[in-house]
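Residue numbers (the numbering used here): 1 to 648.
Where a beta carbon is used, it is the ideal one built from N, C-alpha and C, also for glycine.
Note that the coordinates shown come from a computational prediction; the quantities given were computed from them, not determined experimentally.
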Ligand code: CA
């Protein structure tokens with residue numbers, strides 16, 4: 001991995017009597033943050049983009065059990081710096097990132113002369129900010145009782161948000177797990193439905209003026225994961241901590257800080273279009289790897305029997321079938337999912353792993369995270385919940401050549417659970433194992449922070465297509481939300497590409513797929529995750545023309561570049577991704593009518609490309625097309641269908 005270069009230039013230190021005139025702008029001067037204070041000494045920030053207000057005066061500050069850093073703040077000085085760094089990161093939307101931001105640090109004192117700092121970094125289209133608490137006296141630790149941090153949107157705003165679930169509900173009391181639905185273009189200030197706020201990230205449409213995506217990053221064992229609390233009617237969304245009931249009520253909902261300490265970064269991506277939101281790398285720009293990779297991890301594609309053949313397929317013969325499928329597809333992995341401990345046993349698993357290796361296929365293995373936090377019954381359990389058993393298990397996993405884990409069913413967003421994620425990742429790295437999480441929280445910068453982290457569910461993933469018809473009826477709509485929201489801030493382990501027409505083992509019963517085969521293929525590119533568990537089945541190889549299966553053999557899972565071309569959340573999206581010198585452009589239509597749009601494909605200008613599309617009878621079609629020198633192309637996308645352009 002290329003060594004990152006960090007260059008921080010201290011430009012000046014200026015003393016201010018008040019915060020009235022403190023501003024920090026992006027390098028291109030389009031995005032501006034203005035800090036102000038009211039008569040009570042509370043601190044606010046306002047965000048404008050191209051002169052238009054994207055966030056009105058929004059509160060800053062926090063209350064700890066040591067002091068109130070929310071009012072009577074007296075600015076003592078401020079510093080402006082330039083933060084410049086370049087890094088490579090193969091697990092996200094862009095493999096090479098250049099980050100340039102103007103930084104403003106505002107240093108305040110409160111009662112008893114205790115210091116408190118707010119750090120803003122403003123890059124083009126992105127703001128990240130955090131609080132820093134020094135150790136002010138003999139008190140070396142604190143509990144953060146509450147954050148005042150808020151986001152106050154103009155009245156013209158509509159929202160694209162998903163509610164946080166109440167704790168200890170849902171299947172086997174495993175929620176929250178970021179598996180609720182979105183309401184598109186909802187009213188500003190609407191109650192969430194469950195009364196416990198909304199999860200990050202949240203997308204806000206600022207009328208005709210632009211778009212704002214709010215999230216957080218850099219969440220490790222040093223803090224809890226936060227969310228947006230229930231908003232005020234006026235459109236103020238405030239950072240809130242997990243519910244006390246999460247983790248079966250155990251562990252603190254409030255984070256603790258060792259001093260000096262700091263909060264995670266809260267991020268605001270701003271644009272006059274959706275392009276900066278789809279393409280943002282802010283979750284990764286402001287964090288650093290927390291440890292070195294013990295080796296170079298190999299990402300790739302996997303098969304898994306569980307998605308379509310379910311629990312009964314956890315037997316030797318069915319796993320052999322899926323290993324053979326992976327081998328035939330040229331995939332790097334098989335995921336052996338839940339229940340292998342009982343239905344296969346450790347010894348037969350070892351011989352299955354050997355068989356897989358003999359076919360050139362490596363193994364991801366499923367584990368339950370619990371533990372004392374929910375009732376999820378599938379085994380193996382009580383192997384990942386504490387360091388003693390975990391390290392013993394991982395030693396064995398390494399000895400038999402397992403390459404990765406899928407750990408499922410976490411307890412919530414408290415700091416104690418963030419520590420569990422981190423401990424699993426850190427131990428797994430020691431034993432050369434990658435980690436995917438399911439039944440879990442949103443990853444917050446983890447692709448960069450943890451070298452062996454390779455994916456999180458935190459979405460209504462493909463299993464729901466098997467479980468319910470409703471998920472199929474809304475599949476296209478949900479797929480067209482993710483690039484703008486969930487998948488914009490972190491990799492999304494969805495388990496895509498379900499080529500069965502009916503979602504059961506024999507492709508003859510169960511829920512009915514509404515989207516086309518081309519749509520399914522397009523999700524392999526649309527959904528970004530460095531390790532993809534594809535939901536294809538052995539029968540698919542006989543059911544479809546060779547070009548469909550060949551596409552699935554060739555499609556990569558890592559990308560050097562991601563470019564937003566067109567779209568609207570929940571309606572349609574056209575997105576381009578480049579792997580080495582090969583471009584994939586996918587266009588997906590969630591609307592009930594055929595969509596004809598003119599798009600600009602500069603990467604294909606004057607070239608011949610492969611085009612996958614839907615015939616009028618909705619079956620897949622493949623042909624070569626020539627793109628004009630202008631790069632313009634008028635494309636027709638079927639309802640719940642897709643097009644895919646690939647460099648040839
Ligand atoms: Ca799940």
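Tell me, to the nearest whole angstrom, how far the beta carbon of residue i is from that of residue j; I am working on the premise that it is less than 8 Å.
i, j, result
"residue 97", "residue 103", "Residue 97 to residue 103, Cβ: 17 Å. No contact."
"residue 149", "residue 66", "At roughly 18 Å, the Cβ-Cβ gap does not stay under 8 Å, so residue 149 and residue 66 are not in contact."
"residue 408", "residue 446", "No, residue 408 and residue 446 are not in contact; Cβ-Cβ is about 16 Å, not under 8 Å."
"residue 304", "residue 533", "5 Å"
"residue 514", "residue 472", "5 Å"
"residue 548", "residue 302", "Incorrect: roughly 19 Å between the Cβ atoms, too far for contact."
"residue 178", "residue 161", "In fact, because the Cβ distance is near 12 Å, the residues do not count as touching under 8 Å."
"residue 218", "residue 286", "7 Å"
"residue 214", "residue 122", "Not quite, the Cβ-Cβ distance comes to about 15 Å (not below 8 Å), so this is no contact."
"residue 462", "residue 443", "Contact flag wrong, Cβ pair sits at about 18 Å."
Applying the criterion that 16 or more other CB atoms from any shown protein chain within 10 Å of the CB defines a buried residue, is residue i buried or exposed?
i, result
"residue 195", "exposed"
"residue 632", "exposed"
"residue 92", "buried"
"residue 187", "exposed"
"residue 273", "exposed"
"residue 201", "buried"
"residue 414", "buried"
"residue 545", "exposed"
"residue 372", "exposed"
"residue 399", "exposed"
"residue 637", "buried"
"residue 470", "exposed"
"residue 207", "exposed"
"residue 163", "buried"
Measuring straight from C-alpha to C-alpha, what distance separates residue i and residue j?
i, j, result
"residue 579", "residue 561", "7 Å"
"residue 346", "residue 340", "8 Å"
"residue 451", "residue 615", "43 Å"
"residue 510", "residue 308", "10 Å"
"residue 124", "residue 344", "53 Å"
"residue 650", "residue 198", "Residue 650 lies beyond the stretch modelled for the chain, which goes from 1 to 648, so this question has no answer here."
"residue 110", "residue 240", "23 Å"
"residue 497", "residue 376", "27 Å"
"residue 552", "residue 283", "29 Å"
"residue 406", "residue 422", "14 Å"
"residue 649", "residue 483", "Beyond the ends of the chain as shown, which are 1 and 648, falls residue 649; an answer cannot be given."
"residue 250", "residue 47", "38 Å"
"residue 449", "residue 288", "5 Å"
"residue 577", "residue 44", "38 Å"
"residue 58", "residue 107", "18 Å"
"residue 364", "residue 528", "19 Å"
"residue 629", "residue 606", "4 Å"
"residue 438", "residue 176", "12 Å"
"residue 432", "residue 390", "14 Å"
"residue 28", "residue 49", "11 Å"
"residue 587", "residue 512", "22 Å"
"residue 394", "residue 559", "30 Å"
"residue 500", "residue 322", "15 Å"
"residue 248", "residue 416", "12 Å"
"residue 383", "residue 36", "51 Å"
"residue 315", "residue 334", "14 Å"
"residue 619", "residue 613", "8 Å"
"residue 229", "residue 538", "46 Å"
"residue 281", "residue 268", "11 Å"
"residue 644", "residue 94", "20 Å"
"residue 387", "residue 426", "10 Å"
"residue 564", "residue 574", "7 Å"
Across which residues does DSSP place residue i in a beta bridge pair?
i, result
"residue 579", "582"
"residue 147", "62"
"residue 74", "109"
"residue 131", "118"
"residue 104", "80, 120"
"residue 166", "Answer is none; residue 166 lacks a bridge partner."
"residue 389", "None; residue 389 has no bridge partner."
"residue 161", "183"
For residue i, is the beta carbon positioned less than 7 Å from some heavy atom of ligand 2?
i, result
"residue 210", "You won't find ligand 2 in this model; what it holds is ligand 1."
**Prompt:** Considering only residues of the segment 185-265, which uninterrupted beta strand (DSSP E) runs meet the minimum length of 3 residues and lie entirely inside it, listed in chain order?
**Reply:** 202-206, 210-217, 236-240, 256-258
**Asked** Going along the chain, which unbroken runs of the beta strand (DSSP E) with 3 or more residues stay wholly within the segment 292-334?
**Response** 300-303
**Item:** Minimum length 4: unbroken alpha helix (DSSP H) runs contained in the segment 329-386
**Value:** DSSP runs (the alpha helix (DSSP H)) wholly in the segment 329-386: 340-343, 346-358.
**Item:** Those runs of the beta strand (DSSP E) which lie wholly inside the segment 21-66 and span at least 3 residues
**Value:** 22-25, 31-37, 43-49, 52-60, 62-64
**Prompt:** Hey, which unbroken runs of the beta strand (DSSP E) at 3 residues or more fall wholly within the segment 398-481?
**Reply:** 404-408, 434-437, 453-456
**Item:** Within the segment 495-578, ranges of the alpha helix (DSSP H) (whole runs, at least 4 residues)
**Value:** 517-526, 540-543, 546-554
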